Amino acid sequence: MTLRLYNTMSRSLEEFRPVRPGKIGLYTCGPTVYNRVHIGNLRTFVWEDVMCRVFRALSYETTQVMNLTDIDDKTIRGAMAAGLPLREFTDRHIATFFADLNALGVVPATLYPRATDHIPEMVALVKKLAARGHTYESDGSVWFRIATFPGYGKLSKIDLSAVKRGARVADDEYDKEDVRDFAVWKVAKEGEPESATWTTELGRGRPGWHLECSAMSMKYLGETFDIHTGAVDNIFPHHENEIAQSEGATGKPFVNFWLHAEHLLVDGEKMAKSKGNFYTLPDLLEKAFSPRAIRYLLVSVPYRMKLNFTFDGLKAAASAVERLESLDLRLREREGRKGKEEEEISLKVNAPEAAGGDFAERVSAAHRAVFDSLEDDLNTAGALGALFSFVKATNVDLEAGHLSPADATAARGLLHEIAGNILGIMPSDAASGLASSPSKKSPSESSSESRDVDETWIDARIAARKAAKKTRDFKAADAIRDELLGRGIVLEDTPHGVRWKRKP
RNA sequence: GGCGACGUACCCAAGUGGUUAAGGGAAGGCUCUGCAAAAGCCUCAUUCGUCGGUUCGACUCCGACCGUCGCCUCCA
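Going by the numbering used here, the first sequence opens with residue 112, and the numbers climb by one from there.
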């Protein structure tokens with residue numbers, strides 16, 4: 112199987128070919144940092160994270176650049192409302208953005224360039240466009256003249272000739288020749304804060320939206336690079352304008368593969384603050400859902416499908432994650448790390464015919480099945496299906512005593528490789544920063560109080576309960592069980608002894 | 001109006017021109033257990049929105065229709 116990706120430009124599945132063998136240059140459209148990102152945003156960022164992990168697992172040396180758009184109308188408005196300098200205002204939102212990514216176990220991008228750190232690059236780009244005759248000035252602002260770029264509309268397939276050319280814009284803020292034209296440089300306006308104004312060769316003002324992505328992507332990835340992603344709403348006008356700016360300036364193809372994630376809906380509707388169905392990550396964590404369950408839900412629907420977010424779905428996701436963790440726990444016990452008591456029993460009971468080579472083959476078959484799905488346009492749902500098929504088969508073997516400790520180790524290896532390293536819904540060997548259990552604390556401030564009920568105390572209580580059971584004092588035993596439950600500790604009696612876990 | 005996505009069991013969802021239509025959740029049953037809980041197993045769509053067409057054969061290809069959602073203005 113080879114990697115195939117759905118290219119918005121061609122509207123078809125294409126075999127991926129990198130510009131430079133073995134390497135991938137990836138630009139993932141990042142947030143405008145004026146508020147807390149919502150779970151719809153996070154769906155896109157988590158998808159992009161999985162994409163990077165898959166690329167790296169396929170041995171592509173992947174450079175991921177994600178912009179932070181920290182200058183535009185919204186950030187200016189926000190800064191003014193907050194009474195803060197622009198930079199200070201956007202710093203705060205960048206901090207919560209990273210906190211959210213970290214809480215969901217997103218592996219950081221290679222680079223997070225900020226628009227305001229690239230004013231000179233943007234000015235240079237505008238000058239390049241001007242030199243090639245793509246711009247005009249009006250009232251001190253600089254506009255991109257769409258009419259000079261024949262390919263305009265090729266990504267979105269929107270036929271803008273339907274829009275009346277030369278029509279005076281209903282927009283009373285700016286003057287432009289053609290409704291389709293867009294600003295690459297906006298002249299400073301009355302009342303705009305000093306902190307959001309730059310004095311450059313283009314005058315006093317600020318860059319237009321779109322420009323930062325062209326300037327920064329080409330700076331860090333080259334004038335032609337492999338993959339550019341975002342959500343579907345970016346297709347027009349954002350990405351369309353990026354193409355115009357970039358190709359207008361260089362005369363070269365800008366991007367080879369355009370990938371776009373579908374939106375997340377809540378209860379079948381577009382998420383909107385006015386509808387009361389608007390959620391951020393802290394909103395969900397407060398409801399005691401684990402980051403892993405949230406991530407599972409986001410990953411369980413392939414990126415080109417709309418994802419209908421519901422709390423029922425989130426509960427289902429939490430259960431699915433527990434199934435994976437249960438298997439991991441059982442495998443760990445089979446590996447014999449949980450004490451000699453179990454060891455003796457297994458020796459007595461099983462004398463297992465180790466599945467050995469057969470089992471190794473099953474593991475690699477499962478691995479192949481998972482990657483067949485992932486390489487098919489990042490089909491995460493198919494990958495999960497393959498993973499869970501393996502989970503079921505492994506449970507059956509485990510139950511039948513057919514797994515040797517070495518088999519268990521191999522199975523755990525696969526589990527952690529796929530669910531951990533690739534999908535990020537279990538802890539991986541590489542530390543991912545993904546919290547294992549829900550907590551009331553927001554990811555930004557991780558006060559670790561109440562989290563740790565002392566383990567030696569738990570063990571002591573379990574021992575006491577065992578003693579009580581031995582004397583058939585079930586009342587006392589049950590009392591201890593309830594006591595532990597009250598502290599969030601769930602006991603499980605298994606044939607091999609008691610084990611416990613924290614209540615999810 | 002223009003562009004686009006989607007419609008598979010109670011919910012989520014993969015997938016294929018032709019042997020038994022993945023998987024997860026829920027539900028029911030069973031095993032285990034002092035009782036529980038947890039866990040594991042088993043069961044759970046003769047059928048893939050509707051109607052036509054192509055075909056020896058379609059859920060999968062084509063067309064129409066119905067329905068849901070989105071973009072076309074800021075938006076992940």
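Backbone N, C-alpha and C define an ideal beta-carbon position, used for all residues, glycine too.
As the structure is a computational prediction, the values presented were derived from the model and not from experiment.
Run the CB neighbour count on residue 416, radius 10 Å, all protein chains shown included, and call it buried at 16 or more, exposed below.
-> exposed
Report back the beta-carbon spacing between residue 156 and residue 212 to the nearest angstrom; my notes put them in contact at under 8 Å.
-> 6 Å
Can you tell me where the beta strand (DSSP E) with residue 568 in it begins and where it stops?
-> Counting along the chain, residue 568 falls outside any beta strand (DSSP E), though it belongs to the alpha helix (DSSP H) covering 566 to 581.
Minimum C-alpha distance to residue 217 - residue among 329, 403, 577 | 403
Taking the alpha-carbon positions, what's the residue 393 to residue 222 distance?
-> 25 Å
Classify residue 151 as buried or exposed, calling it buried when 16 or more other Cβ atoms lie within 10 Å of its own Cβ.
-> buried
In whole angstroms, what separates the C-alpha of residue 178 from that of residue 483?
-> 31 Å
Bridge partner(s) assigned by DSSP for residue 214 | DSSP output for residue 214 lists no bridge partner at all.
Considering only C-alpha positions, which residue in the set 333, 401, 406, 193 is nearest to residue 176?
-> 333
Along the chain, where does the beta strand (DSSP E) that runs through residue 401 open and close?
-> From DSSP, residue 401 is part of no beta strand (DSSP E); its letter is neither H nor E.
Would you report the Cα separation of residue 311 and residue 234, rounded to the nearest angstrom?
-> 8 Å
Is the stretch 336 to 345 close to the stretch 228 to 242, with three or more CB pairs under 8 Å?
-> no
Residue range of the beta strand (DSSP E) that includes residue 612 | 608 to 613
Of the listed residues 253, 524, 113, nearest to residue 446 (C-alpha basis) | 524
Beta-carbon contacts of residue 161 that lie in its chain and below 8 Å, excluding the five residues immediately before and after | 410, 489, 491, 533, 534, 535
Tell whether a beta-carbon distance below 9 Å holds between residue 297 and residue 318.
-> yes
Is the beta carbon of residue 372 sitting closer than 9 Å to the one on residue 154?
-> yes
Can you tell me which of 359, 346, 569 puts its alpha carbon nearest to the alpha carbon of residue 118?
-> 346
Residues near residue 480 by beta carbon distance below 7 Å, same chain, minus five either side | 497
For residue 325, does the count of other Cβ atoms within 10 angstroms reach 16, so buried, or fall short, so exposed?
-> buried
For residue 379, which residues of its own chain have a beta-carbon under 7 Å away from its beta-carbon, when the five flanking residues on both sides are left out?
-> 419
CB of residue 686 within 9 Å of CB of residue 203, strictly | In the structure as shown, the chain begins at 112 and stops at 615. Residue 686 is therefore absent and cannot be evaluated.
For residue 273, which residues from the same chain have a beta carbon less than 8 Å from its beta carbon, with the 5 sequence-adjacent residues on both sides left out?
-> The predicted model places residue 273 with a pLDDT of 49, which falls under 50 and marks its position as unreliable, so this point remains unresolved.
Inter-residue Cα distance where the pair is residue 214 and residue 516 = 33 Å
So who's on the other strand from residue 176, going by DSSP bridges?
-> 138, 222
Can you give me the Cβ contacts of residue 576 inside the same chain, cut-off strictly under 6 Å, excluding the 5 residues immediately before and after it?
-> 588, 591
Residue 487 bridges to which residues according to DSSP?
-> 115
What's the gap between the Cα of residue 434 and the Cα of residue 473?
-> 20 Å
CA-CA distance, residue 509 and residue 475?
-> 18 Å
Name the DSSP beta bridge partners of residue 376, please?
-> 381, 419
Given a cut-off of 9 Å, decide if residue 428 and residue 414 are closer than it, judged by their beta-carbon atoms.
-> no
DSSP state of residue 475, grouped into three classes?
-> helix
Residue 469, buried or exposed, once every other Cβ within 10 Å from all chains shown has been counted against 16 | exposed
What did DSSP end up calling residue 337 once you bin it into helix, strand or coil?
-> strand
Is it true that the CB of residue 198 sits closer than 9 Å to the CB of residue 227?
-> yes
For residue 294, does the three-state DSSP call read helix, strand or coil?
-> strand
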